[in-house]
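These notes concern the structure reproduced below.
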Amino acid sequence: MRKENKGTVVEQLKGYLNEYPHFYLTNIEGLDAAKTAQLRRACNKGGIRLVVAKNTLLRRALSESETDFAAIYSALKGNTAIMFTTVANAPAKIIKDFAKDKKEESKLRLKAAYAETGFYGADQLAELVAIKSKEELIADVVALLQSPIRNVISALENKGEGEATEAAAE
Numbered sequence: 030m031r032k033e034n035k036g037t038v039v040e041q042l043k044g045y046l047n048e049y050p051h052f053y054l055t056n057i058e059g060l061d062a063a064k065t066a067q068l069r070r071a072c073n074k075g076g077i078r079l080v081v082a083k084n085t086l087l088r089r090a091l092s093e094s095e096t097d098f099a100a101i102y103s104a105l106k107g108n109t110a111i112m113f114t115t116v117a118n119a120p121a122k123i124i125k126d127f128a129k130d131k132k133e134e135s136k137l138r139l140k141a142a143y144a145e146t147g148f149y150g151a152d153q154l155a156e157l158v159a160i161k162s163k164e165e166l167i168a169d170v171v172a173l174l175q176s177p178i179r180n181v182i183s184a185l186e187n188k189g190e191g192e193a194t195e196a197a198a199e
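Quick note on numbering: the sequence shown equals residues 30 to 199 in this note's numbering.
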């Protein structure tokens with residue numbers, strides 16, 4: 030790869046790091062063409078940008094970034110695909126789905142991740158899947174706020190039905 034092209038790739042990766050708040054480093058070495066196409070479709074459907082880059086270029090982009098990503102440099106070995114996303118747990122769910130495949134060599138493997146301002150290792154996929162998205166958190170808050178109102182309405186409805194039943198019995 031020519032030096033000019035390397036600079037362009039580094040700038041593109043830095044742009045993705047600034048655009049997306051979360052990213053996952055994955056090993057796609059064992060995926061055949063069909064599985065890779067399936068992964069790309071799943072990523073596109075989930076709003077995830079899947080990029081394959083050389084480790085040295087990714088390391089350079091990470092080091093030139095405003096955030097200190099030194100904690101994940103050790104994961105930059107072998108084939109690396111980067112999954113950039115705005116939803117912290119979306120790539121983890123895709124990786125988990127691909128891990129269900131029975132063939133060991135066709136599994137997508139997590140190397141490391143940066144999500145919700147924290148670093149995660151290859152063994153922390155379950156924690157990453159459990160991270161709630163902004164929409165899920167808003168839904169939880171709305172449900173909590175609606176719960177007392179529903180209890181009051183239910184109690185009023187039951188009291189009204191109880192009075193109607195008593196009036197009918199007389």
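In this text, a Cβ means the ideal position worked out from N, Cα and C, and glycines have one as well.
- For Thr14 versus Tyr45, is the C-beta spacing smaller than 7 Å? The requested residue 14 is not part of the displayed model; the chain covers only 30 to 199.
- Query: What first and last residue would you give for the alpha helix (DSSP H) that runs through Val39?
  - Reply: Numbered from 1 along the sequence shown, position 10 holds the residue referred to as residue 39. Note, Val39: alpha helix (DSSP H), 32-48.
- Query: Between the stretch 117-124 and the stretch 75-86, are three or more C-beta pairs nearer than 8 Å?
  - Reply: yes
- Query: How should Thr37 be labelled, buried or exposed, when 16 other C-beta atoms within 10 angstroms of its C-beta is the threshold for buried?
  - Reply: Within the sequence shown, numbered from 1, the residue matching residue 37 stands at position 8. The residue in question, Thr37, is exposed, as its Cβ has fewer than 16 Cβ neighbours within 10 Å.
- Task: Could you give the DSSP three-state label for Ala99: helix, strand or coil?
- Result: Residue 99 sits at position 70 when you count from the first residue of the sequence shown. Helix at Ala99.
- Query: Closest by CA to Lys106, which one among Ile57, Glu40, Glu164?
  - Reply: Position 77 of the sequence shown, counted from the first residue, corresponds to residue 106. Of Ile57, Glu40, Glu164, the residue nearest in Cα terms is Ile57.
- Which first and last residues belong to the alpha helix (DSSP H) in which Ala71 is found? Residue mapping note: residue 71 aligns to position 42 of the sequence shown, counting from 1. Residues 62-74.
- Boundaries (first-last residue) of the beta strand (DSSP E) holding Lys140: Here residue 140 refers to the residue found at position 111 when the sequence shown is read from its first residue. It spans 138-144 - the beta strand (DSSP E) in which Lys140 sits, taken as one unbroken run.
- Expressed to the nearest angstrom, what Euclidean distance is found between the alpha-carbon atoms of Tyr53 and Asp169? The residue given as residue 53 occupies position 24 in the sequence shown. The residue given as residue 169 occupies position 140 in the sequence shown. Using only the alpha carbons, I get a separation of about 26 Å.
- Task: Pick helix, strand or coil for Asn187, following the three-state DSSP scheme.
- Result: The residue given as residue 187 occupies position 158 in the sequence shown. Three-state DSSP puts Asn187 in a helix.
- What residue does the alpha helix (DSSP H) around Leu87 start on, and which one ends it? In the sequence shown, the residue the question calls residue 87 occupies position 58. Counting along the chain, the alpha helix (DSSP H) containing Leu87 begins and ends at 84-92.
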